[in-house]
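Quick note on our numbering: the sequence shown kicks off at 3 and runs consecutively. Taking it in order: structure first as structure tokens, then the write-up.
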Amino acid sequence: MFTHLHSHSFYSFLDGVPSPDELVQAAVHHEMSALALTDHHGLTGAIEFYDACQKAGIKPILGIELAVNHRLGQGNLILLAMDRLGWSSLCRLSSIAQSRPQRDPTRGIDVEQLSAHATGLICLSGGKRGLGQHLIEIDQNESALAFWDELQGIFSQCFYIELQFQQPADAHSLSRLASAARSLHLPIVATNNVHFLYTQQAGLQRTLSAMRLNVPIDELSADASAPAGSHFASEQQMIKRFGDYPEAIANTREIADRCNLELPLVVAHY
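As structure tokens, then:
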């Protein structure tokens, strides 16, 4: 069964459209048994999401999307908590990101900080906003492989290459990414970088992006907002998109099975 492992709520300020509860209700509607929340930089919606999942009988997977600074450039990564240690790592990394100056819109952390707080985390390569994919798209394959090899060293068997197929033009990128992943014996995983529930909300998300970046909407670049395919796709839609990469679908379930965070929300701590 497919699981969304890269999704944003309105706590990704002026970027994500749905509330955490709306994401959970979409998972219920599509008969999905688990769902991840990976808002940008912070964990503001995590407890609200966790509680909504518990009430709906959905397995909650708590995560975050962070920009990471590296000598080769900057790119995003998805980090998912497997257990209580992973949750602690997420909290520390989020605090580091939030402590960056407000004028830094990326709130990027350094790869050394990432390495120091990697315990209990699964890492996805970041998809279209990942540094590895960017390097491959500009024909710097060796640099991309070196970066991924470094992440593999940090996360060991908990690092996956993230594939996104939201428009026909993505087919070529998928082929190159999958080939590069195989060369390092890295697993691939399918995500949809969910920013809204329905394709009809793509225009709303684009408006939010223009507000976030403080530019007129007609001057907003195509890659500054989420593609129209970034909706809460059904399992059947995702299986069809990734028909040539069935292991990328299967690995979403593998990752969901590896994430078993339980938070004692009603337990007092002294």
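Each residue gets a CB set at the ideal place from its N, CA and C atoms; glycine is no exception.
Counting of Cβ neighbours within 10 angstroms places N216 among the exposed residues, the total staying below 16. Within the region 39 to 72, the runs of beta strand (DSSP E) that reach at least 3 residues and sit entirely inside it are, in chain order, 61 to 72. Under the three-state reduction of DSSP, G155 is assigned to helix. Under the 10 Å beta carbon count, L87 is surrounded by fewer than 16 other beta carbons and is classified as exposed. Between the alpha carbons of L265 and A83 lies a distance of about 11 Å. Taking a contact as a CB-CB distance under 8 Å, the pair S175 and F198 does not count as one, their CB atoms being some 22 Å apart.
Between the region 219 to 235 and the region 145 to 165 there are fewer than three C-beta pairs closer than 8 Å, too few to call the two in contact. Per DSSP, reduced to three states, the secondary structure at L265 is coil, with no helix or strand assignment. Taking the CA atoms as reference points, I80 sits about 7 Å from T40. With a cut-off of 8 Å on Cβ pairs, the region 16 to 34 is in contact with the region 195 to 209, counting three or more such pairs. Contact between G128 and N78 holds: CB atoms are separated by about 4 Å, below the 8 Å threshold.
A distance below 7 Å between beta-carbons, with the five flanking residues on each side excluded, links A235 to the following residues of its chain, in chain order: N194.
Using a Cβ distance threshold of 8 Å, P189 and N253 count as a contacting pair. For A182, the enclosing alpha helix (DSSP H) has its first and last residue at D172 to S185. L123 and L153 have their C-alpha atoms roughly 12 Å apart.
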